[in-house]
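Here the sequence shown is numbered in our numbering, starting from 203 and rising by one per residue. Heads up: the structure comes next, in structure tokens.
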Amino acid sequence: MTVVITGVAGFIGSHLARRLLDTTAEDVIGVDCFTDYYDPALKRSNLGGLVGDPRFRFESLDLARDGADLVAGASCVYHLAGQPGVRMSWGAGFADYVRNNIVATQRLLEAMRGAPGRIVFASSSSVYGDADRYPTPEDSIPRPSSPYGVTKLCSEQLVMAYARSFGLDARCVRYFTVYGPRQRPDMAFSRFIAAARRGEPIELYGDGEQSRDFTYVSDAVDATIRAGTVPDAGARIFNVGGGSRATVLDVLRVLGEILGKPLDVRRLPLQAGDVRDTGADLSRAREILGWRPRVALADGLRAQV
Numbered sequence: 203m204t205v206v207i208t209g210v211a212g213f214i215g216s217h218l219a220r221r222l223l224d225t226t227a228e229d230v231i232g233v234d235c236f237t238d239y240y241d242p243a244l245k246r247s248n249l250g251g252l253v254g255d256p257r258f259r260f261e262s263l264d265l266a267r268d269g270a271d272l273v274a275g276a277s278c279v280y281h282l283a284g285q286p287g288v289r290m291s292w293g294a295g296f297a298d299y300v301r302n303n304i305v306a307t308q309r310l311l312e313a314m315r316g317a318p319g320r321i322v323f324a325s326s327s328s329v330y331g332d333a334d335r336y337p338t339p340e341d342s343i344p345r346p347s348s349p350y351g352v353t354k355l356c357s358e359q360l361v362m363a364y365a366r367s368f369g370l371d372a373r374c375v376r377y378f379t380v381y382g383p384r385q386r387p388d389m390a391f392s393r394f395i396a397a398a399r400r401g402e403p404i405e406l407y408g409d410g411e412q413s414r415d416f417t418y419v420s421d422a423v424d425a426t427i428r429a430g431t432v433p434d435a436g437a438r439i440f441n442v443g444g445g446s447r448a449t450v451l452d453v454l455r456v457l458g459e460i461l462g463k464p465l466d467v468r469r470l471p472l473q474a475g476d477v478r479d480t481g482a483d484l485s486r487a488r489e490i491l492g493w494r495p496r497v498a499l500a501d502g503l504r505a506q507v
């Protein structure tokens, strides 16, 4: 059996590929097009532990144009490719989000019409925006606060439309602020750790009291694989969170303890599209996927450092 991972050179995609190769007998085809959202050299280094494995094959493809033949015969497509980040999705940058999130997803779905395989789409808690309740269940009305969130919600809806109209076996996982080794350099924990090690001020957007449901990467990978292997999940959406909320100031305090030195924090204005709080209701994932997060925040931060 063969699975396909799109966005395989990214943060979560590279961890997912390694786990599948280590724990299953399936061959893995990895797809990536090395966009310049951040240094492509970092993405290529993420593939270092995969290239050379006899059960891994890499294809450099732009899914908005190519790749339809790769899904033929795949038992599951883990669709993690996309344009990430809230702040760059405003203004002229929105065109990249439409192309790399919505158009690429629609083309992949077209290629899977009538195929026997399954798709797991990697979505985001950004679809909720400022939710009306916490923890937030999957049936809450989505109201994204950024163009990025809009494109992830649109892609989710495309996946579900193909599931309803063509019988595609589809599931979506909504990641809540995933962190850990190989985290993207633009994400908060990576920026905090890099600045602290260089002895530079840490840039903190807002007052630091905003809270997130931080999810360690191994927990996110576990939930994603379960979504791709549980036979009776149906066309469902699953929250994937860390199990508890923490403020950004909590994170900085723990990082200071791990690094063994006080952190120089410089406060900046809150950025457009940044929500105040996130929190995942994990009841559905526990019940249907048999999944729960296992890595505590302090342990995950220590591993990332």
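Ideal placement from N, C-alpha and C gives every residue a C-beta, glycine not left out.
Query raised in the report: How would you write the range of the beta strand (DSSP E) that V375 sits in, first residue to last?
Result: Counting from one through the sequence shown, the residue named residue 375 turns up at place 173. Residues 371-377.
Requested in this report: Just mark Q473 as buried or exposed, buried being the case when its beta carbon has 16 or more other beta carbons within 10 Å.
Outcome: In the sequence shown, counting from the first residue as 1, residue 473 sits at position 271. Under this definition Q473 is an exposed residue.
Query raised in the report: For D421, does the count of other Cβ atoms within 10 angstroms reach 16, so buried, or fall short, so exposed?
Result: On the sequence shown, residue 421 is found 219 positions in, with the first residue counted as 1. Looking at its Cβ environment, which holds 16 or more other Cβ atoms inside 10 Å, D421 is buried.
Query raised in the report: For G250, does the count of other Cβ atoms within 10 angstroms reach 16, so buried, or fall short, so exposed?
Result: Residue numbering aside, residue 250 sits at position 48 when the sequence shown is read from its first letter. Exposed.
Query raised in the report: Does the stretch 356-375 come within contact of the stretch 306-320, defined as at least 3 CB pairs closer than 8 angstroms?
Result: yes
Report task. Specify the secondary structure class of G445 as computed by DSSP and reduced to three states. Result -> Here residue 445 refers to the residue found at position 243 when the sequence shown is read from its first residue. DSSP places G445 in coil when its eight states are reduced to three.
Report task. Quick one: grab the DSSP three-state call for V196. Result -> Nothing can be reported for residue 196, as the shown portion of the chain is limited to 203 through 507.
Query raised in the report: With respect to the alpha helix (DSSP H) encompassing R504, which residues constitute its N-terminal and C-terminal limits?
Result: Within the sequence shown, numbered from 1, the residue matching residue 504 stands at position 302. Its alpha helix (DSSP H) spans residues 499-506.
Query raised in the report: Cα-Cα, which of T480, I343, E261 is closest to P337?
Result: Sequence index remark: in the sequence shown, residue 337 carries index 135 (1-based). That would be T480, whose Cα lies nearest to the Cα of P337.
Report task. Check each candidate in R220, V288, A498, S216 and name the one with the smallest Cα separation from R447. Result -> The sequence position of residue 447 within the sequence shown is 245, counting from 1. The shortest C-alpha separation from R447 is found at A498.
**Report entry** Minimum C-alpha distance to M314 - residue among R414, L360, S325
**Finding:** Position 112 of the sequence shown, counting from 1, holds the residue named residue 314. For the residues R414, L360, S325, the minimum Cα distance to M314 belongs to L360.
Query raised in the report: Is DSSP giving C356 helix, strand or coil here?
Result: Position 154 of the sequence shown holds residue 356. Correct three-state label for C356: helix.
**Report entry** Minimum C-alpha distance to S342 - residue among S216, Q506, R469, F440
**Finding:** Within the sequence shown, residue 342 is the residue found at index 140, counting from 1. The shortest Cα separation from S342 among S216, Q506, R469, F440 belongs to F440.
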